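In what follows, a single structure is set out as structure tokens and then discussed.
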Amino acid sequence: SLKNSGELTAELKKPLGAIFAAGSNDPVLDILINSMKHSEAAPYIFSAVTGSSEGLRLLGTGLTDIAWCHLADPETGEYSIDKIRERMNGKKIAIVHLFNRQVGFVYSEASTDNISFIDIQKKNLKFINRQKGSGTRILTDHFIRKEGITPARINGYEDEVFTHLEVGLKISSRGADAGVATSAVAKMLGLSFSRLIDESFDMVLAQDTFFNSNVQAFIETLGSDSFRSMVSGLGNYDFSRSGRIIHSTGE
Numbered sequence: 363s364l365k366n367s368g369e370l371t372a373e374l375k376k377p378l379g380a381i382f383a384a385g386s387n388d389p390v391l392d393i394l395i396n397s398m399k400h401s402e403a404a405p406y407i408f409s410a411v412t413g414s415s416e417g418l419r420l421l422g423t424g425l426t427d428i429a430w431c432h433l434a435d436p437e438t439g440e441y442s443i444d445k446i447r448e449r450m451n452g453k454k455i456a457i458v459h460l461f462n463r464q465v466g467f468v469y470s471e472a473s474t475d476n477i478s479f480i481d482i483q484k485k486n487l488k489f490i491n492r493q494k495g496s497g498t499r500i501l502t503d504h505f506i507r508k509e510g511i512t513p514a515r516i517n518g519y520e521d522e523v524f525t526h527l528e529v530g531l532k533i534s535s536r537g538a539d540a541g542v543a544t545s546a547v548a549k550m551l552g553l554s555f556s557r558l559i560d561e562s563f564d565m566v567l568a569q570d571t572f573f574n575s576n577v578q579a580f581i582e583t584l585g586s587d588s589f590r591s592m593v594s595g596l597g598n599y600d601f602s603r604s605g606r607i608i609h610s611t612g613e
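According to my numbering, the sequence shown is numbered sequentially starting from 363.
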């Protein structure tokens, strides 16, 4: 059963003091997790890229400790707490803000000097999409509907990758003309960027997990000067509210 699976996972983690995480993806998150490995008492953080929706499901079943998430409503910027609570099987949870980031069109200047989903359709540009269930895919579908476009009319809509960096690499290698990803990917790969939205990137976890020493070390590293200077060149990230609990809820 899922309960037994969750208990087995907990037993396997005890000797290592490890943290299991799953959900969304961001280049800055990858840098943050890797930077923690340099300390002597570095915690093990095993993180899987599953998309925000699947990360929440895994947290609810007890198969992971943390869900990386950016599922706030694109129009209001607010989470549907009820939808998150439904997946938690009665767990008391906290949503902790990590950073704000810009997400938008990443594209090659050689492909187009103007970008929107209407432009992609009219110019028959090759689009690279994110996988179903990811927050970026939900965001992409929202803006496609907003522009009144039928997804089937976008060349490449069915072609999917799992990370922001993969979107950028696909465009850099000329396997696609445009996709939706973070501004950091555009900066890292020298691609053009057109902002769609500023969004909150957060972690969801059980309230008792929040006080775990390894989780506190993770939050401390996020606020450190050394980490901030490491990612400052990527631009368009806002860490002013990092580590703040933006919602906590009971059963």
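Here a beta-carbon is modelled for each residue, glycine too, at the ideal position from N, C-alpha and C. As the structure is a prediction and not an experimental result, all values here were calculated from the model.
Spatial neighbours of residue i in its chain, beta-carbon cut-off 6 Å, leaving aside the 5 residues before and after
i	result
residue 572	456
residue 382	408, 426, 427
residue 607	456, 458
Residue range of the unbroken beta strand (DSSP E) whose run includes residue i
i	result
residue 491	489-492
residue 409	407-411
residue 611	607-611
residue 429	428-431
Where the alpha helix (DSSP H) containing residue i begins and where it ends
i	result
residue 527	526-534
residue 396	389-397
residue 572	569-572
residue 423	414-423
residue 583	575-584
residue 386	Element bounds for residue 386: n/a, residue is neither H nor E.
residue 588	587-593
Spatial neighbours of residue i in its chain, beta-carbon cut-off 7 Å, leaving aside the 5 residues before and after
i	result
residue 511	479, 480, 483
residue 505	479, 558
residue 549	596, 597
Nearest-angstrom Cβ-Cβ length linking residue i and residue j, presumed shorter than 8 Å
i	j	result
residue 569	residue 454	4 Å
residue 533	residue 501	No, residue 533 and residue 501 are not in contact; Cβ-Cβ is about 18 Å, not under 8 Å.
8 Å Cβ shell around residue i - same chain, five flanking residues per side excluded
i	result
residue 422	449, 450, 451, 453
residue 314	Because the chain in this structure spans residues 363 to 613, residue 314 falls outside the shown range and cannot be described.
TODO: Evaluate the contact criterion for the stretch 380-396 versus the stretch 424-442: three or more CB pairs, one atom per stretch, below 8 Å.
DONE: yes
Open item on the list: Would the stretch 594-604 count as touching the stretch 453-471 if we require 3 or more Cβ pairs under 8 Å?
Closed with: yes
TODO: Please list the segments of the beta strand (DSSP E) lying wholly inside the stretch 449-526, counting only runs of 3 or more residues, in order along the chain.
DONE: 455-469, 489-492
- [ ] Could I get the ranges of all uninterrupted alpha helix (DSSP H) runs contained in the stretch 540-566, with 4 residues as the minimum, in chain order?
- [x] 545-551
TODO: Please determine if the stretch 537-550 and the stretch 490-502 are in contact, where contact requires at least 3 C-beta pairs separated by less than 8 Å.
DONE: yes
Task: Three CB pairs or more closer than 8 Å across the stretch 390-400 and the stretch 585-596 - done: yes
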